[in-house]
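K.L.:
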Amino acid sequence: MSVVFFHAHPDDESIFTGGTLALLADAGVRTSVVIATGNDGPAATVLERRRAEEAARACEILGAGSLHLLGYGDAGSGSGLDPLRASALDRVVDEATERLAAILRREGATELVIYDEGGIYAHADHLAVHRVGRRAAAAAGVPTVHEATVDREYLHFVETHLVGHAVEWLVGEDAIAAINRAPLGVSTVEVTTTIDVRATLDRKRAAILAHASQIPAGSPLWSMDDDTFAAVYGYEWFVRRGPRGRLDVLAA
Numbered sequence: 019m020s021v022v023f024f025h026a027h028p029d030d031e032s033i034f035t036g037g038t039l040a041l042l043a044d045a046g047v048r049t050s051v052v053i054a055t056g057n058d059g060p061a062a063t064v065l066e067r068r069r070a071e072e073a074a075r076a077c078e079i080l081g082a083g084s085l086h087l088l089g090y091g092d093a094g095s096g097s098g099l100d101p102l103r104a105s106a107l108d109r110v111v112d113e114a115t116e117r118l119a120a121i122l123r124r125e126g127a128t129e130l131v132i133y134d135e136g137g138i139y140a141h142a143d144h145l146a147v148h149r150v151g152r153r154a155a156a157a158a159g160v161p162t163v164h165e166a167t168v169d170r171e172y173l174h175f176v177e178t179h180l181v182g183h184a185v186e187w188l189v190g191e192d193a194i195a196a197i198n199r200a201p202l203g204v205s206t207v208e209v210t211t212t213i214d215v216r217a218t219l220d221r222k223r224a225a226i227l228a229h230a231s232q233i234p235a236g237s238p239l240w241s242m243d244d245d246t247f248a249a250v251y252g253y254e255w256f257v258r259r260g261p262r263g264r265l266d267v268l269a270a
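Be aware that the sequence shown starts at 19, since it is given in this note's numbering, and climbs by one per residue.
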C-alpha cells in the first residue's frame, strides 16, 4: 500500500499537500512524490538543479519515501510556453501517462493525489497534471484518486494563501479571463476530504521554505506568526474520486 502524489512543480507538494504527506509518514504509510517539471538530469539548467535539490530537501522533511522528477518543461519558466494555454505535458500526453503509470505500478500505489479539474488555479501545467493523472490511474488500476484543491470560501476569510500570489503572477486580461472561467479551487460543498494538518505545521513551513529560490526575501512566509500560518495553511482539501482511502482516515 502506498500513496503517490503527482504535482506540477517543485514546491507544489509542500504548499498544497505538505501536511498530508507528513501525517501519512507519521502513520507509517509509504508515500512517493512525482513532479512533472522537475529536472536533475545532465541537461538541467542551474535553476532546475537547484529546484530539484530543494524538492529533495522538502520531501525529506515531509517523510516522503521517494521523489521522481519527470523533467518536462515548466510553462512558467522561460520555456516558451504560455502558462495559461500550453503545458509541455500536452505535447506528450501518452508518454507522460505511461511514465506515471509505470511509477504507480512500481510503487504499488493504491491511491493517487493530483489536482482538481481546474488545476486549483488556471495554470496549464496544473491542468495537464489533472488530465495525465486521471489517465495514469486508470491505466495502472489505481482505484482512488484524490484531487488536491483549496476551499475558496474558507480562503476568503484568512490571510492570502500562496495560491493567491500565483494568480497575481498570471497577469493581464487573458489571466483574468482564465481565472473567471476557472475560479480558485472549489466551493466548500464540493470538498469531500478536509485534513487538519496543524500538528505538522513546523514541518510544512520548513518544507515550503526549503524552496528558497521560489520564496522572495520579502514574502510574508518568512515572518508570518504561527497563528496566522495555522489559519492559512492548517487545512488541506481534496475531492475524492473512487472508494475511501488513507487520506479519508486522516480526515476522520
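Think of the CB as a built atom: it goes at the ideal place given N, C-alpha and C, for glycine as much as any other residue.
#1: Secondary structure at Tyr-251, three-state DSSP: helix, strand or coil?
#2: Suppose you measure from the CA of Glu-254 to the CA of Met-19; what does that come to, to the nearest Å?
#3: Since Ile-213 is in the beta strand (DSSP E), which residue starts that stretch and which ends it?
#4: Using the beta-carbon count (16 or more within 10 Å), is Pro-261 buried or exposed?
#5: Between the C-alpha atoms of Gly-59 and Gly-89, what's the straight-line distance to the nearest angstrom?
#6: To the nearest angstrom, how far is it from the Cα of Leu-107 to the Cα of Ala-61?
#7: Just tell me which of Ala-127, Ala-26, Val-176, Phe-23 has its CA closest to the CA of Phe-247.
#8: What does DSSP give as the partner residues of Thr-167 in its beta bridges?
#9: What first and last residue would you give for the alpha helix (DSSP H) that runs through Ala-268?
#10: For Arg-264, collect the residues of the same chain with a Cβ closer than 7 Å to its Cβ; drop the 5 residues on either side in sequence, then sort them by chain order.
#11: Determine the closest residue to Tyr-172 out of Thr-212, Asp-143, Thr-63, with distance taken between C-alpha atoms.
#12: Thinking just about the alpha-carbon of each residue, which of Ile-132, Pro-238, Ala-224, Gly-159 is nearest to the one in Arg-124?
#13: Distance, Cα to Cα, Ile-53 vs Phe-24?
#14: Specify, as a first and last residue, the run of the alpha helix (DSSP H) that Glu-78 falls within.
P.N.:
Taking the coordinates as given:
#1: Note: Tyr-251 maps to helix in three-state DSSP.
#2: Cα atoms of Glu-254 and Met-19: separation of roughly 22 Å, rounded to the nearest angstrom.
#3: Residue range 211-214 is occupied by the beta strand (DSSP E) that includes Ile-213.
#4: If you draw a 10 Å sphere on the C-beta of Pro-261, you find fewer than 16 other C-beta atoms in it, and that means exposed.
#5: In this structure, the straight-line span from the alpha carbon of Gly-59 to that of Gly-89 is close to 8 Å.
#6: Distance between the alpha carbons of Leu-107 and Ala-61: 18 Å.
#7: Per the Cα distances, Val-176.
#8: Beta-bridge pairing links Thr-167 to Trp-255.
#9: Note that residue 268 is Leu in the sequence shown, not Ala. Looking at the DSSP string, the run of the alpha helix (DSSP H) that includes Leu-268 is 264-269.
#10: Only Val-21, Leu-42, Val-47, Glu-129 meet the Cβ criterion.
#11: In terms of CA proximity to Tyr-172, Thr-212 leads the group Thr-212, Asp-143, Thr-63.
#12: Among Ile-132, Pro-238, Ala-224, Gly-159, the Cα nearest to that of Arg-124 is on Gly-159.
#13: Near 6 Å, if we compare the C-alpha coordinates of Phe-24 and Ile-53.
#14: It spans 64-80 - the alpha helix (DSSP H) in which Glu-78 sits, taken as one unbroken run.
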